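Engineer: Encoded as structure tokens, here's the structure I'll be asking about.
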Amino acid sequence: MAGRSRETRSLRECARQCRSGRRRSWFPMPETSTPAKKFSLQAYKTEVHVDWCPGCGDFGILSSIQQAFFQLQIPPHRIAMISGIGCSGKTPHYIDTYGLHTLHGRALPVATGAKLANHELTVVAVGGDGDGYGIGAGYFVNSGRRNLDMTYIVFNNGVYGLTKVQASPTLGKGLQTKSMPDPSIQEGINPLAVALGAGYTWIGRGYALEVKSLVSLIVQAIQHKGTSFLDVFQTCPVYNDLRTKEWYAGEDIGRTRLRRLEADSTWDPVVRDPANLDEVVQKKTRALQTSYETGDSLAVGLFYKIDLPTYDEQLASKVPALKEHPLIDLPLYQRDVTPLFDELA
Numbered sequence: 214m215a216g217r218s219r220e221t222r223s224l225r226e227c228a229r230q231c232r233s234g235r236r237r238s239w240f241p242m243p244e245t246s247t248p249a250k251k252f253s254l255q256a257y258k259t260e261v262h263v264d265w266c267p268g269c270g271d272f273g274i275l276s277s278i279q280q281a282f283f284q285l286q287i288p289p290h291r292i293a294m295i296s297g298i299g300c301s302g303k304t305p306h307y308i309d310t311y312g313l314h315t316l317h318g319r320a321l322p323v324a325t326g327a328k329l330a331n332h333e334l335t336v337v338a339v340g341g342d343g344d345g346y347g348i349g350a351g352y353f354v355n356s357g358r359r360n361l362d363m364t365y366i367v368f369n370n371g372v373y374g375l376t377k378v379q380a381s382p383t384l385g386k387g388l389q390t391k392s393m394p395d396p397s398i399q400e401g402i403n404p405l406a407v408a409l410g411a412g413y414t415w416i417g418r419g420y421a422l423e424v425k426s427l428v429s430l431i432v433q434a435i436q437h438k439g440t441s442f443l444d445v446f447q448t449c450p451v452y453n454d455l456r457t458k459e460w461y462a463g464e465d466i467g468r469t470r471l472r473r474l475e476a477d478s479t480w481d482p483v484v485r486d487p488a489n490l491d492e493v494v495q496k497k498t499r500a501l502q503t504s505y506e507t508g509d510s511l512a513v514g515l516f517y518k519i520d521l522p523t524y525d526e527q528l529a530s531k532v533p534a535l536k537e538h539p540l541i542d543l544p545l546y547q548r549d550v551t552p553l554f555d556e557l558a
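Quick note: the sequence shown, position 200, residue 413 per this note's numbering, numbers continuous.
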């Protein structure tokens, strides 16, 4: 569990109350009469030592997430940070909200469970490119088609940094990391193309060292009603000497390699009429083409956005009680399942 603040420590008391039957909800809910409070940026930081390598791009992503929460003024106890395994998996330890550091590739199913249990939470899942696009690829696809109201941020550096530089699914063909005897003979996947096909309703890409732009993208992703996916180019100065900050800055070609989509006056990634299939296909096609730009031009910004009914909303239409209360506050249906187990014995 990340953090040691009063709000974080109160989770243990909630657990004790749950076990004693004095409380049904694991998440402390403020009284409705309590006046709204303003939260400082420090309210989203913990005292846990950040043990990433000096110069790691993860610092930029961590700072951007904290600043996004601060801008949105989301109460820390209304946020759940879920992570997988790898350097990115440590993120919940450094953000003073509810947090869970889960298993390799399993951030999304756990985040799904947290959101379904309490739809009032702002749920943000984080993971690396190996964690999310490798062992977690199946969850990545199915989370997109479900369109639950949550956000998924992927730290994409092309390598398995924590386990010392094996090629991740996004490392391009012909590239060779420090631990590889020969260049990769496999093509790297295009995560944005996968997200477009899977059905994510908000798709973006940012750069870890451009914090101002990244904060804006994270704010937009969290505010979007539906499953938001944000792929972030992340520098790994210790283990990936191919995609360095100097490379992204284009010091070898005299100009930055990053192309900001918002600078293009003709760029419009938002679907205005979700029922208009022609518009949907046109916006997806342009986003797909742009996502395949490589080499000296890498687009960053919002690629695609469409407003569709969320899984939460559709579930509430089947279970009307969810419109008034989260699942954790609903009385469980008591039924003796002993006969069922007897049949299976």
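Cβ atoms here follow ideal geometry from the backbone N, Cα and C, with glycine treated the same way.
These numbers were taken from a predicted model, which means no experiment stands behind them.
Going by C-alpha distance, which of P267, I274, R472 is nearest Y365?
Structural biologist: Counting from 1 along the sequence shown, the entry for residue 365 is found at position 152. Among P267, I274, R472, the Cα nearest to that of Y365 belongs to I274.
Engineer: If you draw a straight line from the alpha carbon of T325 to that of L361, how long is it in whole angstroms?
Structural biologist: Within the sequence shown, numbered from 1, the residue matching residue 325 stands at position 112. Within the sequence shown, numbered from 1, the residue matching residue 361 stands at position 148. The alpha-carbon atoms of T325 and L361 are separated by roughly 7 Å.
Engineer: Using the Cα positions of C300 and S397, report the straight-line distance between them to the nearest angstrom.
Structural biologist: Stepping through the sequence shown from its first residue, residue 300 is reached at position 87. Stepping through the sequence shown from its first residue, residue 397 is reached at position 184. Going by the C-alpha atoms only, they are around 23 Å apart.
Engineer: Write down the C-beta distance between G312 and G347 rounded to the nearest angstrom, noting that I regard them as a contact closer than 8 Å.
Structural biologist: Along the sequence shown, read from residue 1 onward, the residue named residue 312 stands at position 99. Along the sequence shown, read from residue 1 onward, the residue named residue 347 stands at position 134. Not quite, the Cβ-Cβ distance comes to about 22 Å (not below 8 Å), so this is no contact.
Engineer: Taking the beta carbon of I308 as the centre, do at least 16 other beta carbons fall within 10 Å, making it buried, or is it exposed?
Structural biologist: The count along the sequence shown starts at 1 and reaches residue 308 at position 95. I308 should be labelled buried.
Engineer: Does the region 405 to 423 touch the region 250 to 259, meaning 3 or more C-beta pairs lie closer than 8 Å?
Structural biologist: Taking 8 Å as the limit for Cβ pairs, the verdict is that the region 405 to 423 does not touch the region 250 to 259.
Engineer: When the Cα atoms are used, what is the spatial distance from E423 to P539?
Structural biologist: Locating residue 423 in the sequence shown gives position 210, where the first residue counts as 1. Locating residue 539 in the sequence shown gives position 326, where the first residue counts as 1. If you take the alpha carbons of E423 and P539, they lie about 37 Å apart.
Engineer: Note the first and the last residue of the continuous beta strand (DSSP E) segment covering W415.
Structural biologist: As a first step, residue 415 is located in the sequence shown; it is residue number 202 there, counting from the start. Element bounds for W415: 415 to 420.
Engineer: I'd like to know whether the C-beta atoms of G341 and P404 end up nearer to each other than 9 Å.
Structural biologist: Counting from 1 along the sequence shown, the entry for residue 341 is found at position 128. Counting from 1 along the sequence shown, the entry for residue 404 is found at position 191. Cβ distance not < 9 Å, so G341 and P404 don't count as in contact.
Engineer: Nearest-angstrom Cα distance between E454 and V372?
Structural biologist: In the sequence shown, counting from the first residue as 1, residue 454 sits at position 241. In the sequence shown, counting from the first residue as 1, residue 372 sits at position 159. Inspection of the sequence shows that residue 454 is occupied by Asp rather than by Glu. In a straight line, the C-alpha of D454 is about 11 Å away from that of V372.
Engineer: Expressed to the nearest angstrom, what Euclidean distance is found between the alpha-carbon atoms of L521 and L329?
Structural biologist: Working through the sequence shown from its first residue, we reach residue 521 at position 308. Working through the sequence shown from its first residue, we reach residue 329 at position 116. Spanning the two alpha carbons is a distance of roughly 18 Å.
Engineer: Given that a residue counts as buried once 16 or more other Cβ atoms are within 10 Å of its Cβ, and exposed if not, what is Q502?
Structural biologist: As a working mapping, residue 502 is identified with position 289 in the sequence shown. It is exposed - the Cβ of Q502 has fewer than 16 other Cβ atoms within 10 Å.
Engineer: Where do the N-terminal and C-terminal ends of the beta strand (DSSP E) with G341 fall, by residue?
Structural biologist: As a working note, residue 341 is residue 128 in the sequence shown. It spans 335 to 341 - the beta strand (DSSP E) in which G341 sits, taken as one unbroken run.
Engineer: Determine, using beta carbons only, whether A644 and S296 come nearer to each other than 9 Å.
Structural biologist: Residue 644 is absent from the structure shown; the chain starts at 214 and stops at 558.
Engineer: Do you know how far the Cα of L334 is from the Cα of R291?
Structural biologist: Along the sequence shown, one-based indexing puts residue 291 at 78. Along the sequence shown, one-based indexing puts residue 334 at 121. Between R291 and L334, the C-alpha separation is close to 5 Å.
Engineer: For A558 and P552, I'd like the C-alpha separation in whole angstroms.
Structural biologist: As a first step, residue 558 is located in the sequence shown; it is residue number 345 there, counting from the start. As a first step, residue 552 is located in the sequence shown; it is residue number 339 there, counting from the start. When rounded, the distance between both Cα atoms is 10 Å.
Engineer: For K425, count neighbouring C-beta atoms within 10 Å of its own C-beta (all shown protein chains included) and say buried if the count is 16 or more, exposed if not.
Structural biologist: Stepping through the sequence shown from its first residue, residue 425 is reached at position 212. The residue in question, K425, is exposed, as its Cβ has fewer than 16 Cβ neighbours within 10 Å.
Engineer: By the DSSP assignment, the alpha helix (DSSP H) with Y365 in it spans what residues?
Structural biologist: Numbered from its first residue, the sequence shown carries residue 365 at position 152. Per DSSP, Y365 belongs to no alpha helix (DSSP H); it is in the beta strand (DSSP E), 364 to 369.
Engineer: Per DSSP, what kind of secondary structure is Q447 in: helix, strand or coil?
Structural biologist: Within the sequence shown, residue 447 is the residue found at index 234, counting from 1. Reduced to three states, the DSSP call for Q447 is coil.
Engineer: Suppose the cutoff is 8 Å on Cβ atoms and the five residues either side in sequence are ignored; what does the same chain contact list for T469 look like?
Structural biologist: As a position in the sequence shown, residue 469 is number 256, starting the count at 1. Hits under 8 Å: Y461, A462, G463.
Engineer: Do three or more CB pairs link the region 528 to 538 to the region 441 to 453 at distances below 8 Å?
Structural biologist: No, the region 528 to 538 is not in contact with the region 441 to 453.
Engineer: Counting C-beta neighbours from all protein chains within 10 Å, is the total for S510 16 or more, i.e. buried, or is it exposed?
Structural biologist: Sequence index remark: in the sequence shown, residue 510 carries index 297 (1-based). The residue is exposed, with fewer than 16 neighbouring Cβ atoms inside 10 Å.
Engineer: From K251, S277, T304, pick the residue whose C-alpha is nearest to that of V261; which is it?
Structural biologist: The sequence position of residue 261 within the sequence shown is 48, counting from 1. Out of K251, S277, T304, T304 has the C-alpha closest to the C-alpha of V261.
Engineer: When you compare each of G514, L515, F282 to K251 by their alpha carbons, which one comes out closest?
Structural biologist: To locate residue 251, count along the sequence shown from 1; it is residue 38. Cα-wise, what sits closest to K251 is F282.
Engineer: Assuming contact is defined by CB atoms lying nearer than 9 Å, are V483 and K438 in contact in what I supplied?
Structural biologist: Your numbering for residue 483 matches position 270 in the sequence shown. Your numbering for residue 438 matches position 225 in the sequence shown. No, they are not a contact pair.
Engineer: Rounded to a whole number of angstroms, what is the C-alpha to C-alpha distance between E400 and A380?
Structural biologist: On the sequence shown, residue 400 is found 187 positions in, with the first residue counted as 1. On the sequence shown, residue 380 is found 167 positions in, with the first residue counted as 1. Roughly 11 Å between the two C-alpha positions.
Engineer: Should Y505 go down as buried or exposed, given a rule of 16 or more other Cβ atoms within 10 Å for buried?
Structural biologist: Counted from its first residue, the sequence shown places residue 505 at position 292. Exposed is the call here.
Engineer: What's the gap between the Cα of G189 and the Cα of K496?
Structural biologist: Residue 189 cannot be examined here, being either before or after the span of the chain that is shown, 214 to 558.
Engineer: For the beta strand (DSSP E) that Y505 lies in, which residues bound it at each end?
Structural biologist: Walking along the sequence shown from the start, residue 505 turns up at place 292. Note, Y505: premise wrong, no beta strand (DSSP E); not H, not E.
Engineer: Please work out which residues of its chain come closer than 6 Å, Cβ to Cβ, to S277, disregarding the five sequence neighbours upstream and downstream, and give them in chain order.
Structural biologist: Here residue 277 refers to the residue found at position 64 when the sequence shown is read from its first residue. Same-chain partners within the cutoff: V424, L427, V428, I431.
Engineer: Which term fits I466, buried or exposed, when burial requires 16 or more other beta carbons within 10 angstroms of its beta carbon?
Structural biologist: Working through the sequence shown from its first residue, we reach residue 466 at position 253. Classification of I466: exposed, given that the 10 Å Cβ count is below 16.
Engineer: If R485 sits next to E492, beta carbons under 8 Å apart, how far is it from one beta carbon to the other, in whole angstroms?
Structural biologist: By one-based count along the sequence shown, residue 485 stands at place 272. By one-based count along the sequence shown, residue 492 stands at place 279. 7 Å between Cβ atoms; contact.
Engineer: Please report the Cβ distance between G349 and A320, rounded to the nearest whole angstrom; I am assuming they are in contact, meaning their Cβ atoms lie under 8 Å.
Structural biologist: Counted from its first residue, the sequence shown places residue 349 at position 136. Counted from its first residue, the sequence shown places residue 320 at position 107. At roughly 7 Å, the Cβ-Cβ gap stays under 8 Å, so G349 and A320 are in contact.
Engineer: Of the choices T315, N370, Y452, T414, whose alpha-carbon is the least far from that of S565?
Structural biologist: Residue 565 is absent from the structure shown; the chain starts at 214 and stops at 558.
Engineer: With a Cβ-Cβ cutoff of 9 Å, do T310 and V323 count as a contact?
Structural biologist: The sequence position of residue 310 within the sequence shown is 97, counting from 1. The sequence position of residue 323 within the sequence shown is 110, counting from 1. No, the pair does not count as a contact, with Cβ atoms beyond the cut-off.
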